[in-house]
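*Asks:*
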Amino acid sequence: MMNRRTFLAAAAVAAFAPRAFARAAETKRRVVIVGGGLAGLSCAYELRKLGFEAFVLEGQGRAGGRVETLREGLAGGLTAETGGTRIPDTHEMTLAYVREFGLPLEPFKGGDFADVLHLRGKNYVAGRGPEPDWPLQLTPEERRLGRAGMSKRYLNDPLELVKGSENSLTVPAPILNLDHDTLQGYLEKQGLSRDAIELVTLGGDPLLGAAQMLMVGFNQQVIREFFHIRGGNDQLPGALARQLELAGAIRYGCRVTSIGQDDSGAWAVMEHAGGHETVRGDYVVSALPFSMARNLFADARLSAEKQRVIREQKYFPADKIFLQMQKQFWKAKGLSGFANTDLVSERFWALGPESPDDRGLLLSYVIGERAGKLDAMDTQSRVTQTLSDAESVFPGARENFEAARVKSWSEDPWQRGALSRFDPGELHHIPLNARREGRILFAGEHTSRWNGWMQGAIESARRVVKEISA
Ligand SMILES: Cc1cc2nc3c(=O)[nH]c(=O)nc-3n(C[C@H](O)[C@H](O)[C@H](O)COP(=O)(O)OP(=O)(O)OC[C@H]3O[C@@H](n4cnc5c(N)ncnc54)[C@H](O)[C@@H]3O)c2cc1C
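Here it is as structure tokens:
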């Protein structure tokens, strides 16, 4: 939705942009970038540093795509990240922009509070002393290892295979070699019982591709802490967009309907308030999720293989439901407000200032199958379901509840999905997603080894900049 600030910025840029485009036409190396998420913005920003005439066409009235911070409808000072939230201390490319634009960081999850596991109707506090006597049929060895021991042995230890590949720009081969099974299938092959698998995957979906889950683990294994940009992560795309706005190099409200190429150049056709327009360049960069790009390439001379991966790329549904609480009552019980559950609200996170007496947010973050269940409900029912789950995990939630904000990424007309999903056998699509085809290049988290992260979008832009400037 366009607020007053973004509307004014859009109007100013729309008025200025035609002049900038005319100037750019006189130069040779002109790059049209479709999509103003982190991938498109950073691509344009870096290309311009190198002297290219690079422009972003963004369909919405705001930049940032899947980095979106909600403030309205929440008590003063509270921010709700509907998309990109945590910045790991190892995500050097994301942090480089944070430093470049002087954005203030705060720790994402402070304190040493315990987490809650909600399983079969009961709450267990994890991380304090010995593990609880799980109400599950576990083998003696599984019981001896406990949840932590099994997670270490079956999910963390295999990552030894990829030690030393931390900075690799591609998916490491040992992980690709494991890309045959769902997580459940993989754990069954390791000999884990059904109940042990339920315990190890609590708060997640065991039917996801094992290799993608190992990639997630691989991307997190050396992380010591997470950060958040104080005041909202949207300041990161906001800072990039502002640089482009100042140069007249971003146009909002421009929905691209077709991308094509011939021997002499490439072009994007768009719809905007003034009608249709075709913008030509030496190159076009598609920085759109493939969920939004499926019908754009009829005139693009793409190979059959490329057309297939664009058509078939899957996306996880994800819902975030933020419950504003009049105080962070869980802290009084020594709890962090973070939980993994077997409920529809598979995962709770807590956000808010330090003092337990201040207002805070309990966030239900649901990805995959259970997000599909929430999407089938109306908004009020989603809040009712989440509040009921919150009450089961953190008694007192109902009494402290004040307001809710709801986000479904499947329902977002500019995304149609949250994060790229790679089922068994599909992880090798990442380099195909990334592969340039003539004068059309491809950026976005779905083209990167860091898929599902802001760093994935930024890394993909760096790659495209190299491809164009080589
Ligand atoms: C629920 C969720 C949680 C996440 N959590 C984290 C996290 O904790 N940490 C982290 O680092 N990352 C996280 N991410 C991932 C991160 O937000 C994304 O990887 C990144 O923002 C993707 O950027 P992008 O540029 O590839 O795509 P997008 O942000 O999707 O950008 C695409 C842009 O294209 C525009 N567009 C679409 N169609 C058209 C069209 N036809 N014409 C013109 N423009 C169009 C869209 O409006 C959008 O602005 C999360 C994402 C989600 C959804």
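When the sequence shown is numbered by our numbering, its final residue is 472 and no position is left out of the sequence of numbers. Just so you know, even glycine gets a beta-carbon here, dropped at the ideal spot from N, CA and C. Computed from a prediction, not measured in an experiment: that's the story for all the values here.
#1: Out of curiosity, what's the CA-to-CA distance linking Leu290 and Val36?
#2: Are the CB atoms of Phe396 and Phe324 nearer to each other than 9 Å?
#3: What is the C-beta distance between Ala65 and Ile231, in whole angstroms, given that I count them as a contact (C-beta under 8 Å)?
#4: Ignore the nearest five residues each way along the sequence and tell me which others in Leu180's own chain have a CB closer than 8 Å to its CB.
#5: From the DSSP output, read off the bridge partner residues of Leu59.
#6: Could you tell me the distance, in whole angstroms, from the CA atom of Gln263 to the CA atom of Met272?
#7: Rounded to whole angstroms, what's the CA-CA distance from Leu365 to Phe350? Just pull it up for me.
#8: For the beta strand (DSSP E) that contains Val281, what are its first and last residues?
#9: How many whole angstroms separate the CB atoms of Arg451 and Leu72, which I take to be in contact at a CB cut-off of 8 Å?
#10: By a C-beta neighbour count over all protein chains shown, 10 Å radius and 16 as the cutoff for buried, is Asp135 buried or exposed?
#11: DSSP beta-bridge partners for Trp269?
#12: Give every residue of the same chain whose Cβ lies closer than 7 Å to the Cβ of Gly419, excluding the five residues on either side of it in the sequence, and list them in chain order.
#13: Looking only at C-alpha atoms, which of Thr449, Glu144 and Lys111 sits nearest to Gly193?
#14: Can you check DSSP and say which residues form a bridge with Thr343?
#15: Taking the Cβ atom as the reference point for each residue, do Asp207 and Glu428 lie within a distance shorter than 9 Å?
#16: What three-state label does DSSP hand Thr381 in the structure shown?
#17: Curious, which full-length beta strand (DSSP E) runs of at least 3 residues does the stretch 394-460 contain?
#18: Would you say Asp301 and Ser266 are within 9 Å of each other, going by their C-beta atoms?
#19: Could you give the C-beta distance for Met327 and Phe424, rounded to a whole number, given that I count them as a contact under 8 Å?
#20: Hey, out of Cys256, Asp117, Asn125 and Leu119, whose CA is closest to Val34's CA?
#21: Determine which residues share a DSSP beta bridge with His182 and list them.
#22: Take the Cβ of Gly276 as the centre, count every other Cβ of all protein chains shown within 10 Å, and call the residue buried at 16 or more, exposed below.
#23: Since Gly53 sits in a beta bridge, which residues does DSSP pair it with?
#24: By Cβ distance below 7 Å, which residues in the same chain neighbour Leu140 in space, the five residues on each side in sequence not counted?
#25: For Gly42, which residues from the same chain have a beta carbon less than 6 Å from its beta carbon, with the 5 sequence-adjacent residues on both sides left out?
#26: Tell me, please, which residues DSSP counts as bridged to Glu108.
#27: List the residues that DSSP assigns as beta-bridge partners of Asp321.
#28: Can the beta-carbon of Phe110 be found less than 9 Å from the beta-carbon of Phe228?
#29: For Lys468, count the other beta carbons within 10 Å of its own beta carbon; 16 or more makes it buried, fewer makes it exposed. Which is it?
#30: On a Cα-Cα basis, can you pick out the residue from Glu60, Glu162, Lys165 and Leu157 that is closest to Lys191?
#31: Is Leu80 closer than 9 Å to Leu204 when the C-beta atoms are compared?
#32: So, with DSSP's three-state summary, where would you put Arg349?
*Replies:* Result, derived from the coordinates:
#1: 7 Å
#2: no
#3: Incorrect: roughly 15 Å between the Cβ atoms, too far for contact.
#4: Pro160, Tyr188, Ala212, Ala213 and Leu216
#5: Beta-bridge analysis with DSSP links Leu59 to Val36 and Arg253.
#6: 15 Å
#7: 5 Å
#8: Gly277 to Gly283
#9: Incorrect: roughly 29 Å between the Cβ atoms, too far for contact.
#10: Around the Cβ of Asp135, a 10 Å sphere holds fewer than 16 other Cβ atoms; the residue is exposed.
#11: Paired residues: Gly262 and Arg282.
#12: Pro291, Ser293, Tyr317, Phe318, Pro319, Trp411 and Ser412
#13: Looking at the Cα atoms, Glu144 is the closest of the given residues.
#14: His120
#15: Judged by beta-carbon spacing, Glu428 lies beyond the 9 Å limit of Asp207, meaning their Cβ atoms are not closer than that value.
#16: helix
#17: 403-410, 421-423 and 442-444
#18: no
#19: The beta carbons of Met327 and Phe424 sit about 36 Å from each other, so the pair does not count as a contact at 8 Å.
#20: Cys256
#21: Per DSSP, none; premise fails for His182.
#22: So Gly276 counts as exposed.
#23: BP columns for Gly53 are empty, so no partner.
#24: Ser195, Asp197 and Ala198
#25: Ile35, Val58 and Ala289
#26: His230
#27: Val368 and Ser410, per the DSSP bridge assignment.
#28: yes
#29: By the 10 Å Cβ count, Lys468 comes out exposed.
#30: Leu157
#31: Contact check for Leu204 against Leu80 fails: the beta carbons are separated by 9 Å or more.
#32: strand
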